[in-house]
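Numbering (our numbering), first residue to last: 1 to 184.
Ideal Cβ placement from N, Cα and C applies to all residues, glycine included.
The structure displayed is predicted, hence computed values, not measured ones.
Right under this line is the structure:
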């Protein structure tokens with residue numbers, strides 16, 4: 001018998017001073033049985049960093065034809081393809097063919113550096129791709145916030161990200177590995 005996804009609920013308050021985006025987003029997050037709390041919370045972070053009324057979670061880890069998150073326009077065309085982790089270059093290349101903008105949030109410490117060294121040359125050819133690394137300390141702290149029901153707040157100002165729940169605040173500075181000017 002196949003294991004089913006575990007459902008998490010979050011009330012995510014976003015104050016993105018840099019983009020002028022403010023709102024509260026009720027999120028239903030399906031965590032695949034093979035997904036860790038760390039990966040799930042990096043997905044929530046990715047949502048906060050790109051918050052938009054049409055941003056939604058994809059099937060992600062269980063389906064390589066869908067990202068962790070995506071933002072589609074009213075016609076269904078993919079404006080933003082947002083993924084997390086260390087995907088194969090071919091998947092990112094395919095995503096760049098489907099979306100106006102592709103954003104990848106890596107995490108995992110030293111593994112990210114090894115992955116980047118192996119893929120940097122090919123990924124730099126993808127003009128729609130931006131890659132940002134979340135430090136292993138920050139992603140582990142985010143994982144500690146995972147709960148079946150969460151109240152989370154994120155403040156983004158001058159590139160600094162402050163992610164909090166009732167018990168802790170995590171300061172996150174994203175390390176750009178490859179940045180492309182947003183089309184938005």
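Thinking residue i and residue j are a contact (beta carbons under 8 Å), I'd like their distance in whole angstroms, please.
{"i": "residue 185", "j": "residue 150", "result": "Since the first and last residues shown for the chain are 1 and 184, residue 185 lies out of range."}
{"i": "residue 134", "j": "residue 106", "result": "7 Å"}
{"i": "residue 123", "j": "residue 131", "result": "7 Å"}
{"i": "residue 127", "j": "residue 180", "result": "7 Å"}
{"i": "residue 27", "j": "residue 44", "result": "7 Å"}
{"i": "residue 178", "j": "residue 129", "result": "6 Å"}
Return the first residue and the last residue of the beta strand (DSSP E) that residue i is part of.
{"i": "residue 133", "result": "129 to 134"}
{"i": "residue 99", "result": "99 to 107"}
{"i": "residue 16", "result": "6 to 16"}
Using alpha carbons as the reference points, say which of the options lies closest to residue i.
{"i": "residue 51", "options": "77, 11, 135", "result": "11"}
{"i": "residue 145", "options": "35, 19, 22, 40", "result": "40"}
{"i": "residue 112", "options": "84, 128, 27", "result": "84"}
{"i": "residue 188", "options": "57, 5, 18", "result": "Look at the range of the chain in this structure, 1 to 184, and you will see that residue 188 is not part of it."}
{"i": "residue 82", "options": "75, 36, 93", "result": "93"}
Does the beta-carbon of residue i, which I'm using as the reference point, lie nearer than 7 Å to any heavy atom of the ligand PLP?
{"i": "residue 149", "result": "Absent from the structure shown: the ligand PLP. Ligands present: none."}
Since residue i is in the alpha helix (DSSP H), which residue starts that stretch and which ends it?
{"i": "residue 120", "result": "110 to 123"}
{"i": "residue 44", "result": "37 to 49"}
How big is the Cα-Cα spacing for residue i and residue j?
{"i": "residue 138", "j": "residue 121", "result": "27 Å"}
{"i": "residue 184", "j": "residue 109", "result": "Legend: pLDDT at residue 184 = 45, less than 50; position of this residue unreliable, value from coordinates given subsequently. Each residue's alpha carbon lies about 30 Å from the other."}
{"i": "residue 161", "j": "residue 101", "result": "21 Å"}
{"i": "residue 170", "j": "residue 58", "result": "25 Å"}
Problem - Stretch pair the stretch 68 to 79 + the stretch 87 to 94: three plus CB contacts closer than 8 Å - result: no
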